[in-house]
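Chemist: Chains as they are written, first to last, in full-length UniProt numbering: chain A, 1 to 388; chain B, 1 to 529.
Ideal Cβ placement from N, Cα and C applies to all residues, glycine included.
Keep in mind the model is a prediction, meaning the values are calculated, not measured.
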Amino acid sequence: MIFPADNPCTEDPSPTALFSAVASAARANSWTSVNGLATPRAYSNVAEEYEAAHASAVMADFGPIIRYTVRGSDAAALLSRVTSAPASGLIPGESARGLMLDAGGFVVDIVEATRLAEELFLLSTSLRHARRMQLAARGFEATVEEITQRVAALAILGPEARDAAAAAGLDAASETLARQKRVRGVETCARPVHFGALPGVEVIFPYEEALVLWERLRRARAPTPIGLDALEIIRIEGGTPRPGLDFINADAVSHGDDKRSPDEIGLVHLAPLDRAWFNGRRALAQAPRRRRMLAVVILDADETSPGAPVHGRKGPVGRITSWAWSPRLRRAAAFAELSAEAFARTEDLVVIGRGGGAPVAARLFETPESRLAQAFRASQRQATESAG
Amino acid sequence: MAHEATDLLTEPKEALAPSASSEPVDQPRPSPRGRIEGGVDALVLGATFDGLAAAALLGKAGLKTILLGGEEAEPSIREFAPGYRCVDGEHLVGALDPELVSALDLYRHGLAYAARRLDTVYFFSDGAALLTDGDIYRLRESVAAMSEADAAAFAAFAERALDAAQILRGVFEGGDMSDLPAALADGMRRALHDSLEEVLDDTFTDERLKAMLAAEGSFRSAARPGDPFTFVSLVRRWAGEAAGLQGAFAYPEGGALGVHKAARRAAEAGRVDFRLAAAVKSVLVEWDGVAGVETEDGGQIRAPIVVCALDARRAFSGLIGANALDIEFQAGLIAPAPQIASVRVNFALAGGLPEGRAKPHLARRLFYAPSRLELRRAYNAAREGWREGEPAAPLIMEVVFPSALEAGLAPANGPEQGHVASALLHPAPYRLEADESFARAVERAARATFEKIAPGVSARIRAVDIRLPPEPAAPPVLAAWARARHVAAASGVRGLFFCGPEAQVGPGIQGAAARRAAQAAIRYHRGRG
Chain A
1 MIFPADNPCT EDPSPTALFS AVASAARANS WTSVNGLATP RAYSNVAEEY
51 EAAHASAVMA DFGPIIRYTV RGSDAAALLS RVTSAPASGL IPGESARGLM
101 LDAGGFVVDI VEATRLAEEL FLLSTSLRHA RRMQLAARGF EATVEEITQR
151 VAALAILGPE ARDAAAAAGL DAASETLARQ KRVRGVETCA RPVHFGALPG
201 VEVIFPYEEA LVLWERLRRA RAPTPIGLDA LEIIRIEGGT PRPGLDFINA
251 DAVSHGDDKR SPDEIGLVHL APLDRAWFNG RRALAQAPRR RRMLAVVILD
301 ADETSPGAPV HGRKGPVGRI TSWAWSPRLR RAAAFAELSA EAFARTEDLV
351 VIGRGGGAPV AARLFETPES RLAQAFRASQ RQATESAG
Chain B
1 MAHEATDLLT EPKEALAPSA SSEPVDQPRP SPRGRIEGGV DALVLGATFD
51 GLAAAALLGK AGLKTILLGG EEAEPSIREF APGYRCVDGE HLVGALDPEL
101 VSALDLYRHG LAYAARRLDT VYFFSDGAAL LTDGDIYRLR ESVAAMSEAD
151 AAAFAAFAER ALDAAQILRG VFEGGDMSDL PAALADGMRR ALHDSLEEVL
201 DDTFTDERLK AMLAAEGSFR SAARPGDPFT FVSLVRRWAG EAAGLQGAFA
251 YPEGGALGVH KAARRAAEAG RVDFRLAAAV KSVLVEWDGV AGVETEDGGQ
301 IRAPIVVCAL DARRAFSGLI GANALDIEFQ AGLIAPAPQI ASVRVNFALA
351 GGLPEGRAKP HLARRLFYAP SRLELRRAYN AAREGWREGE PAAPLIMEVV
401 FPSALEAGLA PANGPEQGHV ASALLHPAPY RLEADESFAR AVERAARATF
451 EKIAPGVSAR IRAVDIRLPP EPAAPPVLAA WARARHVAAA SGVRGLFFCG
501 PEAQVGPGIQ GAAARRAAQA AIRYHRGRG
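What follows is the structure, given as structure tokens:
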């Protein structure tokens, strides 16, 4: 689950269900807009929020993430078509990540499907896909409804997230299963999630009860609220690309060359070809040649900038797409889009500083996400060899 | 010629019988529930002309092919009034794919024309008439006789349009503009943008000439001549070929039935296994390719190739299912409901046409070209659904007299023989379920327009047969071309090929889509081998 690129220029962003509580806690008063919804960049201090996330537990307003409910006897079949998440194979309470692809096999979004009941799913997406969902539902016994602004979503992240959630009576059923229950008369759904490499619990509850639950959680354990900037560091360290920043949604690109395949954004493991048919699978099966690769690099510097050129031994091989200073690594960590050849050679890289500043050495960095992709590719190779 | 046509029309049982060397056909062979049948190379769904043609090409290429009919009925001959008989379906051929005719050797399989290169007589709202040669390249001579002032302009116009028609023929048959040399493609693209009415206004002064070309260009089309991109409608009309002549019309012996039977015989010669009674429940898609079909009786016929000659909605949404289609492909199938249609009307005429300008032209194609004002009103009225009960103006009407071209379709009434007039009326509102009042409105419009061609004809009409529901008009050429390209991709499902009506650009019996689908299927088969 991931936030899409923010748009700080949005005029009058709408409030999320938790806006009043968030606004009272956001002392830094630094705001941006995600999907047209007001989102705090920081509550007090980005470094403190980041440390709290790794040391104990933090809570974040996940209201700007788009939610759909998919109901009906064909709900699983519909989700298995629209996304590469194995919706049909989920048991109630279970969640799975996947990709939304276009017919050409290019990435539209990173999504997460949760089976809440036999014929009811929650689909969490970074971006809105009303038209795609509407088109996809034709011919299926399923109804799709966007509920983003009808619910409140609160994530508790960090090593102590489950304890914090449990203290407020909001824990998931297990490390893998969601739980739906009433907490003091409020209908809630708590499901285990990951943000980057951080484990956590996401609680979804009715819009009108938003402040009650926030307050209840704050009083029970008082997790530190965390804003978008600290979450961004965690995201880059975790190796999850961000739509609109590291790649462009295939439905929104103005030039076909800007579309990216799952392999090219480093999420090949989320669209395995041996999974049941999903939109774009046929095109993926024709194995489009990898042209470039999105990867996390660590720079020998404290900062860089999006768009900064990356050079290999023989000249430019890519550019920085997003970056953050990592307190744990004590360096700038960045997503870089590299040519497939440069990525394969794992050669020494150099990032050119802003305004033609001094070149800075950079090297590829292994993230939890890249480890998954690597393991997936290895298993694919093994399967191919044994089949051969 | 005429007596051969009679044979064709009066021997339905013999004509349907298979050749001596082939298996008995047409016998329902329901497989026992759950039976799985293999050893088949290709399945063709839909016994339409395109389905038969595709099956024949596959069979001829050596593929073991089964044709599954479903609900499609072949054109039939029927008596609509005592002694008066008509053949359902297209009454003229104007765009039959010459490559298909040659590949299947359809002439050897019984395709014959009772009249090739039919001359057309245009009737105008001011009462004038113009006889034009069936050879479109000689049209300029007739136009010169009507309008001296426009003769030179028409010669240049015709040359431009006919050149464009020749160049674009491959594109209309489902090809790609990129197949054309770049400079040529660029010029063609510019030509495609023009509105027919604007081109006519910029080129000619004679209103009758404008009315004639506007009516020809918009006949059977959903687009009005004033709409953008409609010049290409006329180009499409002139790009067709019948009996080896570009832009011409021909009347096949037996009408549409004659063409259909020739394709059927070609399929029989290709040892195609006909199972017209077997109803298909679904097309089996396994992983990324087709695996055959499941029949209504619970059996399966396994085959790596399925060619669909059914309409796209039924083929993709009904038989394959959204579950196996890319969302973008499915979105491309969504089309606005048709608004404009053409209606087929058969008239039983006692004693033929009354004395007048039309009478000597029974063996020709008669065409009423309304004035452009009448045409605009007719389109507007059709779009509004004939709310007043009938159209405000006469419509475009194409009339042929099958009884004048082959014997046995109308009785001899005393000294003068009776005749059957087969007419196509356009534009009418599209109605999926037409009621009595709609039929009455069609009849009034048909009679009124027929009167414009042959004043006094109403008194000779003994019976009127209206084919309902009306036929949806062809979508604008560019939209039809885009859709044809889209459906031909068949969603990328391996082994699935499509040649339903949506794969065709323009109205009428064509067969180019079937040829393209079958050729692609044969290439696929050989690639697998």
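So, with DSSP's three-state summary, where would you put Val493(B)?
Modeler: Val493(B): coil per DSSP, three-state reduction.
Chemist: Give me, in chain order, the residues of the same chain whose beta-carbon lies closer than 7 Å to that of residue 537(B); leave out the 5 immediate sequence neighbours on both sides.
Modeler: Because chain B here runs from 1 to 529, residue 537(B) falls outside it and cannot be looked at.
Chemist: List, in order along the chain, the chain E residues whose C-beta lies closer than 9 Å to that of Asp102(A)?
Modeler: Considering every chain present, this structure includes no chain E. Its protein chains are A and B.
Chemist: Quick check on Pro82(B): buried or exposed, where buried means 16 or more other Cβ atoms within 10 Å of its Cβ?
Modeler: Counting Cβ neighbours within 10 Å, Pro82(B) comes out exposed, since fewer than 16 surround it.
Chemist: Distance check for Leu276(B) and Pro262(A), CA to CA, integer angstroms please.
Modeler: The alpha-carbon atoms of Pro262(A) and Leu276(B) are separated by roughly 45 Å.
Chemist: Determine the burial state of His269(A): buried for a count of at least 16 other Cβ atoms within 10 Å of its Cβ, exposed for fewer.
Modeler: The residue in question, His269(A), is buried, as its Cβ has 16 or more Cβ neighbours within 10 Å.
Chemist: Do Leu123(A) and Tyr68(A) have their C-beta atoms closer together than 8 Å?
Modeler: A contact, by the Cβ cut-off of 8 Å.
Chemist: Could you pull the DSSP bridge partners for Ser189(A) from this structure?
Modeler: The identity of residue 189(A) in the sequence shown is Cys, whereas the question assumes Ser. Gln180(A) and Ile204(A).
Chemist: Which partner residues does Glu398(B) have in the DSSP bridge list?
Modeler: Partner(s): Phe367(B) and Leu424(B).
Chemist: Classify Asn279(A) as buried or exposed, calling it buried when 16 or more other Cβ atoms lie within 10 Å of its own Cβ.
Modeler: With 16 or more Cβ atoms within 10 Å of its Cβ, Asn279(A) is classed as buried.
Chemist: If you draw a straight line from the alpha carbon of Pro30(B) to that of Leu130(B), how long is it in whole angstroms?
Modeler: Only weak support is given to the placement of Pro30(B): the predicted model assigns it a pLDDT of 49, under 50, and the value that follows is read from those uncertain coordinates. The alpha-carbon atoms of Pro30(B) and Leu130(B) are separated by roughly 57 Å.
Chemist: Please name the residues in the region 329 to 341 of chain B whose beta-carbon is closer than 7 Å to at least one beta-carbon of chain A, in chain order.
Modeler: So the close ones are Phe329, Gln330 and Ala331.
Chemist: Using a 10 Å radius around the Cβ and a threshold of 16 neighbouring Cβ atoms, would you call Arg236(B) buried or exposed?
Modeler: Under this definition Arg236(B) is a buried residue.
Chemist: For the region 121 to 141 of chain A, list every residue whose C-beta sits within 8 Å of some C-beta in chain B, in sequence order.
Modeler: Within the region 121 to 141 of chain A, the qualifying residues are Arg132, Leu135, Ala136, Arg138, Gly139 and Phe140.
Chemist: Would you list, in sequence order, the uninterrupted alpha helix (DSSP H) runs of no fewer than 4 residues that lie entirely inside the region 285 to 355 of chain B?
Modeler: If we require 4 residues or more, the alpha helix (DSSP H) runs fully inside the region 285 to 355 of chain B come out as 327 to 333.
Chemist: Tell me, please, whether the CB atom of Ala322(B) is closer than 8 Å to any CB atom in chain A?
Modeler: Judged by the 8 Å Cβ criterion, Ala322(B) is in contact with chain A.
Chemist: Please report the Cβ distance between Val351(A) and Leu299(A), rounded to the nearest whole angstrom; I am assuming they are in contact, meaning their Cβ atoms lie under 8 Å.
Modeler: 6 Å between Cβ atoms; contact.
Chemist: For the putative contact between Ile167(B) and Leu184(B), defined by C-beta atoms under 8 Å, what is the C-beta separation to the nearest angstrom?
Modeler: That pair is a contact at about 6 Å.
Chemist: Mapping the DSSP letters down to three states, classify Lys60(B) as helix, strand or coil.
Modeler: Three-state result, Lys60(B): helix.
Chemist: For a cutoff of 8 Å on Cβ pairs, would you count Asp288(B) as touching chain A?
Modeler: Chain A, which has a Cβ nearer than 8 Å to the Cβ of Asp288(B), makes this yes.
Chemist: Taking a cut of 9 Å between CB atoms, which residues from the region 475 to 509 of chain B lie near chain A?
Modeler: If the cut-off is 9 Å between Cβ atoms, the region 475 to 509 of chain B has Ser491, Gly492, Val493 and Arg494 near chain A.
Chemist: May I ask you to list, following chain order, the residues of the region 69 to 92 of chain A that have a beta carbon less than 9 Å from some beta carbon of chain B?
Modeler: Correct list: Asp74, Ala77, Leu78, Ser80, Arg81 and Val82.
Chemist: Kindly confirm or deny that the region 241 to 250 of chain A and the region 195 to 207 of chain A touch, where touching means at least three C-beta pairs closer than 8 Å.
Modeler: No, the region 241 to 250 of chain A does not touch the region 195 to 207 of chain A.
Chemist: Looking only at its chain, what residues have a beta carbon closer than 7 Å to the beta carbon of Ala61(B), apart from the 5 residues adjacent to it on each side?
Modeler: Excluding residues within five positions, the ones whose Cβ falls inside 7 Å are Ile522.
Chemist: Going by CA-CA distance only, name the one from Tyr43(A), Val34(A) and Ala17(A) that's closest to Arg27(A).
Modeler: Arg27(A) has its Cα closest to that of Tyr43(A), out of Tyr43(A), Val34(A) and Ala17(A).
Chemist: List the residues of chain A that residue 554(B) touches, going by C-beta distances under 9 Å, in chain order.
Modeler: Residue numbering for chain B in the displayed model covers 1 to 529; residue 554(B) lies beyond these limits and cannot be assessed.
Chemist: With Ala220(A) as the anchor, note down where its beta strand (DSSP E) starts and where it stops.
Modeler: Counting along the chain, Ala220(A) falls outside any beta strand (DSSP E), though it belongs to the alpha helix (DSSP H) covering Ala210 to Ala220.
Chemist: Measuring CA to CA, which of Gly94(B), Ile301(B) and Val199(B) is closest to Leu68(B)?
Modeler: Among Gly94(B), Ile301(B) and Val199(B), the Cα nearest to that of Leu68(B) belongs to Ile301(B).
Chemist: What does Arg260(A) touch in chain B if you count any residue whose Cβ is under 7 Å from its own?
Modeler: Here the premise fails: no neighbours, minimum Cβ distance about 17 Å.
Chemist: Suppose contacts are defined by Cβ-Cβ distances below 8 Å. Is residue 531(B) in contact with Ala473(B) by that definition?
Modeler: No statement about residue 531(B) is possible, as the shown extent of chain B runs from 1 to 529 and does not include it.
Chemist: Name the residues in the region 246 to 280 of chain A whose C-beta lies less than 8 Å from a C-beta of chain B; which are they?
Modeler: Answer set for the region 246 to 280 of chain A: Trp277, Asn279 and Gly280.
Chemist: I'd like to know if the region 116 to 124 of chain B and the region 190 to 206 of chain B are in contact, where contact means that at least 3 CB-CB pairs between them fall below 8 Å.
Modeler: No, because fewer than three Cβ pairs between the region 116 to 124 of chain B and the region 190 to 206 of chain B fall closer than 8 Å, the two stretches do not touch.
Chemist: I want to see whether chain B comes within less than 8 Å of Arg282(A), judged by CB atoms only; does it?
Modeler: Cβ-Cβ to chain B under 8 Å: yes for Arg282(A).
Chemist: How about Ala303(B) and Asp41(B): are their beta carbons less than 8 Å apart?
Modeler: Going by C-beta atoms, Ala303(B) is nearer than 8 Å to Asp41(B).
Chemist: Chain B partners of Ala285(A), CB-CB under 7 Å?
Modeler: Those within 7 Å of Ala285(A) in chain B are Asp288.
Chemist: Which residue marks the beginning of the beta strand (DSSP E) containing Tyr68(A), and which one marks its end?
Modeler: Start and end: Ile66 to Arg71.
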